[in-house]
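Asks:
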Amino acid sequence: MNPLELRGITKTYDGFTLGPIDLVVPRGYVMGLVGANGAGKTTLIKTSLGMVLPDAGTVAVVGHDRIGVVHDQPAYVADWTAVLVGRALAPFYPAWDQSRFDGLLAWAGIDPGKKVKELSRGMGMKLQLAVALSHGAELLILDEPTSGLDPLARSQLLDMVAEFMTEESHTVLFSTHITTDLEKVADYVTVIHEGRLLASTTRDELTEEWRMVHGAASELDAVRPLVRGLRQHARGWEGLMATPDTVALGRGTVVEQPTLEEIVVHLAKEPSHV
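The opening position of the sequence shown corresponds to residue 494 in this note's numbering, with each subsequent residue numbered one higher.
Next comes the structure, spelled out in structure tokens:
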């Protein structure tokens with residue numbers, strides 16, 4: 494059984510609709526959930542966790558005691574110390590491993606006596622991860638965990654994710670708008686934009702499906718409807734095209750494998766028809 498499956502999920506707020514979404518997060522892999530701020534990533538995560546009830550559709554997920562969650566800010570009592578966080582949460586998790594929690598605090602450089610409100614954003618993220626990695630979680634859900642972190646803190650957090658994935662049965666849903674993080678850890682990538690699912694496949698398949706094209710102005714009219722995120726300039730044009738559509742391009746056209754960021758940015762833009 495996959496740790497998380499969403500079928501036909503929709504959720505409507507004033508001015509925003511998520512879905513319909515069909516998404517399977519396969520066991521044993523890191524699934525990147527990527528999109529701009531406001532794309533619907535957090536709503537999708539809250540729906541997966543039962544924090545938001547969908548208007549339609551079904552959610553199948555492992556038991557909540559088998560899920561580790563890292564939000565953009567720690568949801569612990571602000572005056573709790575790091576060690577008290579562990580003591581307070583341990584009774585809720587049958588598989589809680591206190592020695593592992595203590596070791597993770599030390600590894601992450603978190604002072605056990607420091608209060609939650611005194612922790613930097615990076616330390617708060619690592620504290621949440623320490624909790625998640627100490628109670629036998631099978632599914633780790635990360636909601637923008639690296640946003641606003643300095644490069645060292647981001648690297649340390651990604652190392653903790655990699656450590657979690659050394660167990661073959663473990664799975665990660667990693668929501669972010671920082672695509673470089675996903676290029677380091679993600680096996681699958683799901684792209685969401687304005688509540689719609691634009692793509693969900695392996696990272697390698699996604700980057701093979703698309704090409705960045707730099708062409709001459711004289712060639713644009715013939716391919717304009719096939720170009721995503723078209724940008725015209727003095728020397729010609731550039732944009733994203735499906736790989737099969739590039740075979741008929743002229744010899745003077747430059748066709749390159751795109752970065753994940755280029756794919757995400759350009760997929761969010763409709764093809765140009767004018």
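Virtual Cβ for every residue (Gly too), placed ideally from N, Cα, C.
What would DSSP say about Ala692, mapped onto helix, strand or coil?
Replies: In this structure, Ala692 counts as strand in the three-state DSSP scheme.
Asks: Less than 6 Å between C-beta atoms, sequence neighbours within five positions excluded: which residues of the same chain meet that for Val770?
Replies: Only positions 494 to 767 of the chain appear in this structure, which leaves residue 770 out of reach.
Asks: How would you write the range of the beta strand (DSSP E) that Lys608 sits in, first residue to last?
Replies: Taken as a continuous stretch (DSSP letters only), Lys608 belongs to no beta strand (DSSP E), as it is neither H nor E.
Asks: Is Thr700 near Asp674, with beta carbons less than 7 Å apart?
Replies: No, the pair does not count as a contact, with Cβ atoms beyond the cut-off.
Asks: Exposed or buried, Met494, counting other C-beta atoms within 10 Å across all chains shown (16 or more means buried)?
Replies: Met494 should be labelled exposed.
Asks: Is it true that the CB of Gly708 sits closer than 7 Å to the CB of Gly722?
Replies: Going by C-beta atoms, Gly722 is not nearer than 7 Å to Gly708.
Asks: If I measure Cβ to Cβ from Pro513 and keep anything under 6 Å in the same chain, skipping five residues before and after, which residues do I get?
Replies: Here the set comprises Gly501, Thr503.
Asks: With DSSP as the reference, please indicate the residues paired to Phe509 in a beta bridge.
Replies: Tyr506, per the DSSP bridge assignment.
Asks: For His442 and Trp589, which I take to be in contact (beta-carbon distance under 8 Å), what is that distance rounded to the nearest angstrom?
Replies: Lying outside 494 to 767, the shown extent of the chain, residue 442 is not represented and no answer is given.
Asks: Excluding the five sequence neighbours on either side, which residues of its own chain have a C-beta within less than 7 Å of the C-beta of Glu631, listed in chain order?
Replies: Within the same chain, Glu631 has close Cβ partners Pro496, Val555, Arg559, Ser662, His663, Thr664.
Asks: Would you check if the distance between the CB atom of Pro751 and the CB atom of Trp703 is smaller than 7 Å?
Replies: Yes; because the gap between Cβ atoms is below 7 Å, this pair is in contact.
Asks: If we call anything under 7 Å between Cβ atoms a contact, is Ala571 one with Val624?
Replies: Not in contact: Ala571 and Val624 (Cβ atoms no closer than 7 Å).
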